[in-house]
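Chemist: Residue numbering for the sequence shown follows my numbering, beginning at 1066 and increasing consecutively. All C-beta atoms, glycine included, are put in the ideal place defined by N, C-alpha and C. As the structure is a computational prediction, the values presented were derived from the model and not from experiment.
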Amino acid sequence: MEYRFNESNFENEVVNSSIPVMIDFYAEWCGPCRMMSPVVEDFAKEYEGKVKIGKINVDDESELAMRFGIQSIPSFVFMRGGKVVERVTGAMPKPVLKDYLDDLAAG
């Protein structure tokens, strides 16, 4: 299941998550973001229960984007225990993103 993270649910869903989290920072108008969207949705199903995968629309949640220093999209932020452990920017092949998720899931 893919989540929509925002200012009101961020503490509960991300910071206090019992499992690692991947956040996809995106915008509707962003071509590379739209290319990555089906990949992110596939991984949300594949990693359900192992990694919580969700999206943050930078236009709607500019405070969260600023908090994470997002300057380019798509940006993927990987968190464990409420702390950022990895971040990557830009569209990428599905196997590359899978490697990041496997590392995150493995702990």
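With DSSP as the reference, identify every bridge partner of Arg1099, one or two as the case may be.
Modeler: Walking along the sequence shown from the start, residue 1099 turns up at place 34. The partner list for Arg1099 (beta bridge, DSSP) is empty, contrary to what the question assumes.
Chemist: Exposed or buried, Ser1140, counting other C-beta atoms within 10 Å across all chains shown (16 or more means buried)?
Modeler: For this step, residue 1140 is matched to residue 75 along the sequence shown. Buried, since its Cβ has 16 or more Cβ neighbours within 10 Å.
Chemist: Between Pro1085 and Lys1117, what straight-line distance do the alpha-carbon atoms span, to the nearest angstrom?
Modeler: Here residue 1085 is taken as the residue at index 20 of the sequence shown, counted from 1. Here residue 1117 is taken as the residue at index 52 of the sequence shown, counted from 1. Going by the C-alpha atoms only, they are around 6 Å apart.
Chemist: My assumption, with CB atoms under 8 Å, is that Glu1076 sits in contact with Ala1109. Please give the rounded CB distance.
Modeler: For the purposes of this step, residue 1076 is identified with residue 11 of the sequence shown, where counting begins at 1. For the purposes of this step, residue 1109 is identified with residue 44 of the sequence shown, where counting begins at 1. Going by Cβ atoms, the distance from Glu1076 to Ala1109 rounds to 21 Å, so no, they are not a contact pair.
Chemist: Whose C-alpha, out of Ser1082, Lys1115, Met1100 and Ile1088, is nearest the C-alpha of Ala1156?
Modeler: Residue mapping note: residue 1156 aligns to position 91 of the sequence shown, counting from 1. Among Ser1082, Lys1115, Met1100 and Ile1088, the Cα nearest to that of Ala1156 belongs to Met1100.
Chemist: Phe1133 and Leu1166 - do their beta-carbons sit closer together than 9 Å?
Modeler: Here the question's residue 1166 lines up with position 101 in the sequence shown. Here the question's residue 1133 lines up with position 68 in the sequence shown. Taking 9 Å as the Cβ cut-off, Leu1166 and Phe1133 do not qualify as a contacting pair.
Chemist: Please identify the residue among Ser1137, Gly1172 and Glu1106 whose C-alpha is closest to the C-alpha of Asp1124.
Modeler: For this step, residue 1124 is matched to residue 59 along the sequence shown. The option with the nearest alpha carbon to Asp1124 is Ser1137.
Chemist: Counting C-beta neighbours from all protein chains within 10 Å, is the total for Lys1120 16 or more, i.e. buried, or is it exposed?
Modeler: Against the sequence shown, residue 1120 aligns to sequence position 55. Result: buried.
Chemist: Taking the Cβ atom as the reference point for each residue, do Val1079 and Gly1147 lie within a distance shorter than 9 Å?
Modeler: Stepping through the sequence shown from its first residue, residue 1079 is reached at position 14. Stepping through the sequence shown from its first residue, residue 1147 is reached at position 82. Yes, Cβ-Cβ distance for Val1079 and Gly1147 is below 9 Å.
Chemist: By Cβ distance below 8 Å, which residues in the same chain neighbour Lys1172 in space, the five residues on each side in sequence not counted?
Modeler: For the purposes of this step, residue 1172 is taken as residue 107 along the sequence shown, with counting starting at 1. The residue asked about is misnamed: residue 1172 is Gly in this sequence, not Lys. For Gly1172, where only same-chain residues beyond five positions count, the Cβ hits under 8 Å are Pro1085 and Arg1145.
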